[in-house]
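Asks: Quick one: the structure is below, and I'll ask about it shortly.
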Amino acid sequence: MEAADKRRFVLGCLALLLVNVLWVVSAESSRFIFRQAKFERPFFVTYVKACLFSIYLVNFYCTPRWRRLCPDRLSGLEQQYGDHPPENQHSTPTLSEPLFERVNFSDEETDDHLEAKDVQPSDDLFTGNSPKKVSFNEMHEVRILPANEATEAHLARLPYAVWVRVAHKYGMSDGFHVKQTYRLALMFFPLWFTANLSYSEALDLTESSIVNILSSTSSLFTLLLSSLIPSSTRAEKFNFSKLFSVALTIVGVYIVSSVDQTSFEVKSPFGIVWSLVGSFGYAVYAVMLRYKVDPGDRLEMPMFFGFVGLNCMIFLWPFLFLLNLVGLESLYPLPDSTQWLYILLNGLLGTVIAEYLWLRACFLTSTFLATLSLSLIIPMTLITDRLLWKTSFPVPLYLGTLPMLLSFFGATVLSVCESWDPILSGVTWTVGQVQRLCCYRRKAPINRTDLDIEQSISLITDPSSP
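Residues -27 to -1, 1 to 439 in mature numbering (1 follows the signal peptide of the UniProt record, and there is no 0) are what the sequence shown lists, from first letter to last.
This is the structure in structure tokens:
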């Protein structure tokens, strides 16, 4: 890993830690919304938080680079034929009509040129006696290339280093334009909304301990999907050490949750289903987005999330009235001022900011490390309750956080050393040692026979010998 990649990786790890802090704050506000404020409407809360993503679209007004990514106007062919040009597009002229301009000669060149123009051809031209002069026309033909194609042709002739600076300054580097970003958001907003809605429904139906255990399986789903879906980076590849890290995380979450036996009271079996759906949805969302966006492409993530919020606002509002009509979730009465305050605070910190930082960290590190870091919410919550609320916890609760911390730091090392699999190497070495030991014990002594003497006879004799 190069120095620049290491800096990006460290920045991604710091972003993941900050995301966990924001999600701890968001979890506290969610607890107040669903339990103390008695506002048990997961779909409404998730819809409002998703709509807050559209705040990012203000950058179209504040950021000139975003406006440069918008096409000013469609060409005549696009207006007439859409995305499919006609078959005879190559015959359409791209140059302007011919224009004739006078050639600017210097004074000496003009005198010689006019003198040569006045000379009448004679027989001396064929005998070689006359001075050799060339006469040029005073007018030359000019055809103008369209401005947009001329700019592209000029940029194509620039040196690479100059082009990189120009592209970075004016936002012309390779990446997703507005139309491509919107299509990507249109594809992924159902996955994101389903995953977050499932998590909210699970918290409403089941205790948080069971939800945390089942949510930790998101890293397992991510690891399995990464092995099935090809990726351009080695950090997304499957290995047994990553699988061991996932198992260690699940064990740690189980130890923490098993301290309080009353936390395993299942109110509804649907809560378990919602937890698994949310974990799987988050894994699919992260892996597929990393697969669709190459590491070299520039995806404007605020623009992407802005379009996600816009799509949620446009396409999902009918479900508010549909759920109210069938009696699954009431729409009225609307939240009061205190409930609105906590919903907006939860949306801004736990959704708008945290989701952006988490997705950015996915591209700086790996999707596996990003999903595995979700389990760090538990030890951070314990530390927060200990420091802020002076809450005392039993010793096994703190011991259960150690496997989660070890798995996260182990996954960090595995992401840096992309091709290193210590578990597989250790198992291979152990099996090799066992096989060697077994073969050594079973190996019988070799008895030399008379046939071995033939193998030691020299076939080339010494010519000096008698």
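Even for Gly, the Cβ is constructed at its ideal location relative to N, Cα and C.
Could you pull out every unbroken alpha helix (DSSP H) segment of at least 4 residues lying fully inside the stretch 355 to 390, listed in chain order?
Replies: 368 to 389
Asks: Report all residues from its chain with a CB closer than 7 Å to the CB of Trp247; omit the five preceding and five following residues, and keep chain order.
Replies: Ser171, Glu174, Ala175, Leu178
Asks: Apart from the five residues just before and just after Phe277, which ones in its own chain have a Cβ nearer than 7 Å to its Cβ?
Replies: For Phe277, where only same-chain residues beyond five positions count, the Cβ hits under 7 Å are Thr154, Leu157, Ala158.
Asks: Less than 8 Å between the CB atoms is what I'm expecting for Ser380 and Leu216, so what's the real figure, rounded?
Replies: Ser380 to Leu216, Cβ: 11 Å. No contact.
Asks: Taking its Cβ as the centre, do 16 or more other Cβ atoms sit within 10 Å of Gly399, making it buried, or is it exposed?
Replies: Exposed, by the Cβ-count rule.
Asks: Terminal residues of the continuous beta strand (DSSP E) containing Val115?
Replies: 112 to 115
Asks: With contact counted as at least three CB pairs below 8 Å, one residue from each stretch, are the stretch 17 to 27 and the stretch 317 to 329 in contact?
Replies: yes
Asks: Taking the straight line between their C-alpha atoms, what separation do you get for Thr19 and Thr401?
Replies: 48 Å
Asks: Is it buried or exposed, Lys265, if we count other Cβ atoms within 10 angstroms and call 16 or more buried?
Replies: exposed
Asks: From Leu410 to Leu397, what distance separates their C-alpha atoms?
Replies: So the alpha carbons of these two residues sit roughly 20 Å apart.
Asks: Could you tell me how far apart the beta carbons of Val219 and Leu196 are, in whole angstroms, since I believe they sit closer than 8 Å?
Replies: 6 Å
Asks: What is the DSSP secondary structure of Arg(-20), counted as helix, strand or coil?
Replies: helix
Asks: Quick check on Arg271: does DSSP put it in helix, strand or coil?
Replies: coil
Asks: Along the alpha helix (DSSP H) that carries Phe12, what are the first and last residues, could you check?
Replies: Here Phe12 belongs to no alpha helix (DSSP H), and DSSP marks it neither H nor E.
Asks: Put Arg75 into one of helix, strand or coil per three-state DSSP.
Replies: Arg75 falls in the strand class under three-state DSSP.
Asks: Can you find at least 3 beta carbon pairs, one from the stretch -14 to -4 and one from the stretch 273 to 287, that sit closer than 8 Å?
Replies: In this structure the stretch -14 to -4 does not touch the stretch 273 to 287; the number of beta carbon pairs closer than 8 Å is below three.
Asks: Alpha carbons only, please: which of Leu345, Pro275, Ile356 is nearest the one belonging to Cys35?
Replies: Pro275
Asks: Out of Pro376, Leu378, Leu355, which has the shortest C-alpha to C-alpha gap to Pro367?
Replies: Leu355
Asks: I think Phe194 touches Phe243, with their Cβ atoms under 8 Å apart; what is that distance to the nearest whole Å?
Replies: Your pair Phe194 and Phe243 does not check out as a contact, with CB atoms roughly 19 Å apart and the cut at 8 Å.
Asks: Which residue comes first and which comes last in the alpha helix (DSSP H) that contains Glu302?
Replies: Counting along the chain, Glu302 falls outside any alpha helix (DSSP H), and DSSP gives it neither H nor E.
Asks: Within 10 Å of its beta-carbon, does Glu273 have 16 or more other beta-carbons around it, so buried, or fewer, so exposed?
Replies: buried
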